[in-house]
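Structure, as structure tokens:
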Amino acid sequence: MNDTFKRNINYLRISITDRCNLRCVYCMPEDGVQLAGHDVVLNFEEIVKIVQSAVMVGIRKIRLTGGEPLVRKGIMHLIKTIDEIPEIDDIALTTNGILLPEMAADLKEAGLKRINISLDTLSPEKFAKVTRGGELSKVWMGIEKALDAGFDPVKINTVMIRGFNNDELWEFVELSRKSPLHIRFIELMPIGTSELWAADSYMSSDELKQIISTKCELVPEKEVTGSGPAKYYRIPGALGTIGFISPISNHFCSQCNRLRLTSEGQLRPCLHSPHEIDLRTPLREGASQLELANIIRQAINSKPEKHDMAATGWEGNRRVMNQIGG
Ligand code: SAM
Ligand code: SF4
131 MNDTFKRNIN
141 YLRISITDRC
151 NLRCVYCMPE
161 DGVQLAGHDV
171 VLNFEEIVKI
181 VQSAVMVGIR
191 KIRLTGGEPL
201 VRKGIMHLIK
211 TIDEIPEIDD
221 IALTTNGILL
231 PEMAADLKEA
241 GLKRINISLD
251 TLSPEKFAKV
261 TRGGELSKVW
271 MGIEKALDAG
281 FDPVKINTVM
291 IRGFNNDELW
301 EFVELSRKSP
311 LHIRFIELMP
321 IGTSELWAAD
331 SYMSSDELKQ
341 IISTKCELVP
351 EKEVTGSGPA
361 KYYRIPGALG
371 TIGFISPISN
381 HFCSQCNRLR
391 LTSEGQLRPC
401 LHSPHEIDLR
411 TPLREGASQL
421 ELANIIRQAI
431 NSKPEKHDMA
441 ATGWEGNRRV
451 MNQIGG
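Numbering (our numbering), first residue to last: 131 to 456.
Structural data, given as structure tokens:
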């Protein structure tokens with residue numbers, strides 16, 4: 131359905147857990163993470179009921195995220211069940227890739243259509259540093275297994291951080307040239323644990339594009355399936371593409387087509403606004419599918435026209451990405 135700014139809202143991103151097997155420095159604190167109690171986290175039956183209600187107001191695409199969605203037990207069954215809802219025509223996943231080596235083939239079999247894997251560095255030491263202990267070799271194996279399982283496109287999410295991984299820009303560019311991977315550079319956002327240092331570490335998409343253009347021709351690419359807010363380019367002859375996601379420098383609010391559901395059952399009309407609408411309580415009090423659909427409709431109608439994160443940071447909003455679902 132269209133929201134009040136005539137945007138067609140057809141995409142629901144669901145955080146199925148706030149737990150994670152990594153602790154990326156810009157996303158989660160090292161210790162003392164406040165995790166939701168099991169009693170407030172939606173179970174899979176509840177998530178499916180919400181998806182069934184969401185299709186009544188025009189949701190057609192689902193993305194499972196988190197936290198790390200692959201740490202939630204039973205995810206294969208959830209994917210299968212959502213995939214069987216006739217109105218849903220796309221189901222995708224965002225993952226850190228650590229558990230992909232053993233799960234990629236089963237995810238494909240369960241009906242998952244697309245996969246995005248987060249990878250900020252190609253150096254094992256730096257990977258361990260940015261994720262506070264992660265093993266890069268597992269993610270590499272996960273990427274290979276995802277390609278072997280037939281996922282296409284496989285997209286790589288890379289947050290470019292000045293002074294941390296910008297020296298690897300050419301290695302990522304090379305990766306897009308030699309392998310069928312779609313490398314998407316995401317601007318660092320001043321949210322969660324990055325709030326205090328993001329201003330100095332931020333690199334805009336324009337800056338990256340300009341640097342790449344000094345040595346390579348970037349030919350605009352029509353679209354990579356499910357491209358959402360990314361703008362894609364291909365270096366002539368490359369197997370993959372390079373994409374830029376610019377939530378700060380060029381916010382894509384006018385094309386926003388999404389709604390978010392937190393692992394605790396709160397609907398978030400905008401990632402960058404603390405406004406949430408409680409779905410869990412009515413759901414647990416026995417609301418009908420139609421009643422839930424009406425609440426989702428209200429959430430769609432309360433989507434703001436745009437965010438102003440570049441100017442305001444994330445004032446007053448203390449939820450971090452693992453809780454909302456990135
Ligand atoms: N754990 C999964 C993963 O890492 O792909 C899914 C959840 S994670 C929150 C989703 C995406 O959000 C990741 O690509 C991560 O890099 C991105 N992210 C988290 N915090 C961010 C920040 N402060 N700025 C930009 N991107 C961020
Ligand atoms: Fe976990 Fe993803 Fe956040 Fe990293 S970005 S801490 S992998 S949820």
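All C-beta atoms, glycine included, are put in the ideal place defined by N, C-alpha and C.
Check: residue i C-beta below 7 Å from any heavy atom of the ligand SAM
i      : result
Met333 : no
Gly264 : no
Cys157 : yes
Ser393 : no
Leu242 : no
Ile365 : no
Thr251 : no
Thr147 : no
Per-residue DSSP class, three states only, for residue i
i      : result
Asn431 : helix
Lys436 : coil
Asn246 : strand
Ile146 : coil
Arg398 : strand
Asn132 : strand
Ile139 : coil
Phe174 : helix
Glu317 : strand
Trp444 : In this predicted model, Trp444 has a pLDDT of only 47, less than 50, meaning its place in the structure is not dependable enough to derive any value.
Thr251 : coil
Asp336 : helix
Val185 : helix
Leu230 : helix
Ile218 : coil
Val354 : coil
Check: residue i C-beta below 7 Å from any heavy atom of the ligand COA
i      : result
Lys436 : Among the ligands in the structure shown, the ligand COA does not appear; only the ligand SAM and the ligand SF4 can be found there.
The ligand SF4 heavy atom lying under 7 Å from the CB of residue i
i      : result
Glu198 : yes
Arg143 : no
Ser324 : no
Arg153 : yes
Thr261 : yes
Asn226 : yes
Cys346 : no
Ser248 : yes
Among the options, nearest to residue i - alpha-carbon criterion
i      : options                           : result
Asn287 : Gly322, Asp250, Ser267 and Phe281 : Asp250
Lys433 : Glu176, Ser403 and Arg414         : Ser403
Ile457 : Glu198, Leu194 and Glu298         : Lying before the first or after the last residue shown, residue 457 is absent from the chain, which here runs from 131 to 456.
Asp336 : Gln396, His381 and Leu229         : His381
Met319 : Glu304, Met290 and His312         : Met290
Asp148 : Ala234, Thr323, Val201 and Asp161 : Val201
Asp219 : Ile205, Arg244 and Lys203         : Arg244
Lys203 : Arg398, Glu217 and Met233         : Met233
Glu406 : Leu389, Glu435 and Gln419         : Leu389
Presumed contact (8 Å Cβ cut-off) between residue i and residue j, rounded CB distance
i      : j      : result
Gln182 : Ile221 : Contact flag wrong, Cβ pair sits at about 14 Å.
Ile228 : Gly196 : Ile228 to Gly196, Cβ: 12 Å. No contact.
Arg314 : Ile375 : 6 Å
Beta carbon proximity, residue i to chain D, threshold 8 Å
i      : result
Ile215 : Considering every chain present, this structure includes no chain D. It has just one protein chain.
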